[in-house]
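Enquirer:
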Amino acid sequence: MSDVVNPIRPSLLASARPRLRIPWLMLARGAVGLVLVAVWEAGARSMPDLVASPAAALMRLSDLARSGTMLPMVGVTLAEAIGGLLLGAVPGMVLPFLIQLSPRATAAIEPLARAAVGIPKLALSPILILWFGIGLGAKVVLVGAMTFFLVFVATFAGIRSVGPGLVRTVAIFGAGGLAIAREVYWHSAQPFVWATLRAALPWAINAALVGEFLAAEDGVGHFIHHAYNLADVTGVYAGIILVAILVLAADWLLVAVQRRALRWRPVEAGTVLT
């Protein structure tokens, strides 16, 4: 008579581990948030003329929401950030695939692109305002300039990470140039691109805010700058909270899209995309 043992499948263990860790992650984040709020409240009590209390800032946000002024200015800032992100990200992802077709073009353009990343794009703000005015166009172009080179370099790095042996192997099985670009180069570049997009998203929103600080008639940045000119400390902190909420919400949506786009990739047990 033999004993029969039913082994537990590794896939079940792998799927169970993240579920046990997520509550601890949420508790840790909640604890950090409470500490930050406590420090903020202490600063407001000790320096009321310089630091608004969290309750006062949240009350101002509530007033903005009830008055109907929050959604329009949030919509303007998001339109500038998302429009500029698309303006920079789409060519930043497409051009590396075209350039890699020519080794000479690759050798000539890659160092120039890396050098352009270090150029302070915010210094272009006055010039863009002169060219495009104080409307939506100047902010979109500014955000696009900030994100283009980041995405370009990341996509280029992903393409360069593909070994020539893999390309030759796929070609032996009959794959053409388009299939190799889609199935090999693009799949290899996607992790680089998504990581860069998550890093570029806060920069895109910040670039839109800076453009609104300099010259704008609407937007969250215009609201913060107007509150600053009026010495309205509560309004400034309310705007800062609103920006933080926008960044977190946009990052959450981007992670959801990333999970769907990278669902073909195997994920290690315990890995949490947040």
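In terms of this note's numbering, the sequence shown is residues -1 to 272.
The beta carbon of each residue, even a glycine, is placed where N, CA and C say it ideally should be.
1) When you compare the segment 206 to 219 with the segment 70 to 77, are there three or more beta-carbon pairs, one atom per stretch, that lie closer than 8 Å?
2) Between Leu126, Ala152, Leu212, Thr232, which has its C-alpha nearest Ala87's C-alpha?
3) Can you round the beta-carbon distance between Leu207 and Leu252 to whole angstroms, since I take them to be within the 8 Å contact cut?
4) Which two residues bound the contiguous alpha helix (DSSP H) that contains Gln256?
5) Below 8 Å, how does it come out for the segment 110 to 121 and the segment 45 to 58: are there three or more Cβ pairs, yes or no?
6) Quick check: Trp192 and Leu260, are their CB atoms within less than 8 Å of each other?
7) Could you tell me whether any Cβ in chain D is nearer than 8 Å to the Cβ of Thr75?
8) Mark Pro94 as exposed unless 16 or more other C-beta atoms lie within 10 angstroms of its C-beta, in which case mark it buried.
9) Kindly list the residues whose CB is nearer than 6 Å to the CB of Ala155, restricted to its own chain and excluding five residues on each side of it in sequence; keep chain order.
10) Would you mind sorting Thr145 into buried or exposed? The rule is 16 or more other CB atoms within 10 Å of its CB.
11) Mind checking whether Ala42 and Val33 have CB atoms under 8 Å apart?
12) Taking only three categories from DSSP, how would you classify Gly90?
13) Is it right to say Ser100 is buried, meaning 16 or more other beta carbons lie within 10 angstroms of its own, or is it exposed?
14) My output table needs one value for Glu215: the three-state DSSP class, helix, strand or coil.
15) Over what stretch of residues does the alpha helix (DSSP H) that includes Thr104 continue unbroken?
16) Of all the options Phe150, Gly135, Gly133, Phe130, which has the alpha carbon lying nearest to the alpha carbon of Val110?
17) Thinking just about the alpha-carbon of each residue, which of Val160, Ile203, Ala103, Arg112 is nearest to the one in Leu140?
18) In terms of residues, what are the limits of the alpha helix (DSSP H) holding Ser123?
19) What do you get for Met91, buried or exposed, if any count of 16 or more other CB atoms within 10 angstroms of its CB means buried?
20) According to DSSP, is Thr67 helix, strand or coil?
21) Can you give the Cα-Cα distance for Gly81 and Ser51, rounded to whole angstroms?
22) Assign Thr75 to buried or exposed, taking buried as 16 or more other Cβ atoms, counted over all protein chains shown, within 10 Å of its Cβ.
23) Rounded to the nearest angstrom, how far is the Cβ of Ile125 from that of Ala213, given a contact under 8 Å?
24) Can you list, in chain order, the residues of its chain with a C-beta nearer than 6 Å to that of Val231? Leave out the 5 residues immediately preceding and following it.
Expert: Once the coordinates are examined:
1) yes
2) Ala152
3) Actually they are not in contact, since the Cβ atoms of Leu207 and Leu252 sit about 18 Å apart, beyond 8 Å.
4) 231 to 259
5) By the C-beta criterion, the segment 110 to 121 is judged not to be in contact with the segment 45 to 58, since fewer than 3 inter-stretch pairs fall below 8 Å.
6) yes
7) Given the protein chain composition of this structure (a single chain), no chain D is represented.
8) By the C-beta density criterion, Pro94 is buried, having at least 16 other C-beta atoms within 10 angstroms.
9) Phe190
10) Result: buried.
11) no
12) In this structure, Gly90 counts as helix in the three-state DSSP scheme.
13) It counts as exposed.
14) coil
15) 101 to 115
16) Reading off the sequence shown, one finds Leu at residue 110, where the question assumed Val. Cα-wise, what sits closest to Leu110 is Phe150.
17) Ile203
18) That run of the alpha helix (DSSP H) goes 123 to 130.
19) buried
20) coil
21) 34 Å
22) buried
23) A Cβ-Cβ separation of about 12 Å leaves Ile125 out of contact with Ala213 under the 8 Å criterion.
24) Excluding residues within five positions, the ones whose Cβ falls inside 6 Å are Ala50.
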